[in-house]
Amino acid sequence: MKAYNVRRDYETKHQTYMSYSGVEREQKGKQMTTLLLVQQQYFSWAKKPQENATTASYKVAQLIAQHGKPFSDGEFIKQCLAKVAGIMCPEQSQEFDSVSLSRNTVVQRIEDLSANIKHQLSDKTCAFDFYSIACDESTDATDTAQLLIFLRGVDNNFCVMEELLDLSSLNTTTTGKDIFEAVSNAIDKIGLKGDKLCGVTTDGAPAVTGERKGVASMVCAEVQESGGEAGKMRCIIHQEALCATTAVL
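Shown next, in the form of structure tokens:
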């Protein structure tokens, strides 16, 4: 703001303060500063319950997502909270009513949490010196193939991180090419570099272990084109479990 504009505003709207001088002017300045702090504190008090209500809404939405409950359960949970608050702390029941848990709100909260998790994961993976992936394809209750992609990475401080990278639905076929495209899309979305991939772990399904058209072979070939080198590993937990249940010792 220009000095001319400040001076003009002071001379036209605050002429009464020009009569103050010395100690009286200093006291008036302190009085106005104190009044400003009180007003700011009032707005802070008014803002705090609203922030608490928003935080509580996110916490409840997180629990709903973690336990796989319907999004509409948020409205039922709010009714339960209202009953509890009316008995335990009726003077604060209005604050409980301000917690938004409608179905649309719960959906929005979960989407926000998901975006935040992806953002955090992207920030951490940027520091990876090397990483490996593990893929597991299975069928859910609706007979839809789901591909789980797990990520393990290490940075230059030897800090190891393991996370679920992506859950991809294979709605059509589950060939090696389909799974390879899902893996490539997950890696590209998070911003990982292909030459830093050092290992691929899969189960024993033909679509992933094939020498030419298997997912592991296709991923390793792409890494090699990027200037890196990745090894293939095969998980035998399922075979071990099968042997343990059928072998006669």
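Taking my numbering, the leading residue of the sequence shown gets 79, the next gets one more, and so forth.
Backbone N, C-alpha and C define an ideal beta-carbon position, used for all residues, glycine too.
Here the structure is a predicted model, which means the values were calculated and not measured.
For D214, there is no enclosing alpha helix (DSSP H); the residue is part of the beta strand (DSSP E) that begins and ends at F208 to T217. Looking at the DSSP output, F228 sits in a beta bridge with A212 and L242.
Under the Cβ criterion (8 Å, minimum of three pairs), the stretch 276-284 counts as touching the stretch 301-321. The C-beta of D221 has fewer than 16 other C-beta atoms within 10 Å across all chains shown, which makes the residue exposed. Excluding residues up to 5 positions away in sequence, F149, D151, G152 and V184 lie with their Cβ nearer than 7 Å to the Cβ of I142 in the same chain. Only residues of its own chain outside the window of five on either side were considered, and among them V138 and L179 have a CB closer than 7 Å to the CB of I155, listed in chain order.
A163 has its alpha-carbon roughly 10 Å from the corresponding atom of Q157.
Between G282 and the set K267, C313, I188 and E259, the nearest pair of CA atoms involves C313. Note that the C-beta distance between A264 and L243 is below 8 Å. V116 and S97 have their alpha carbons spaced roughly 26 Å apart. Pairing M239 with K202 gives a Cβ-Cβ distance under 8 Å.
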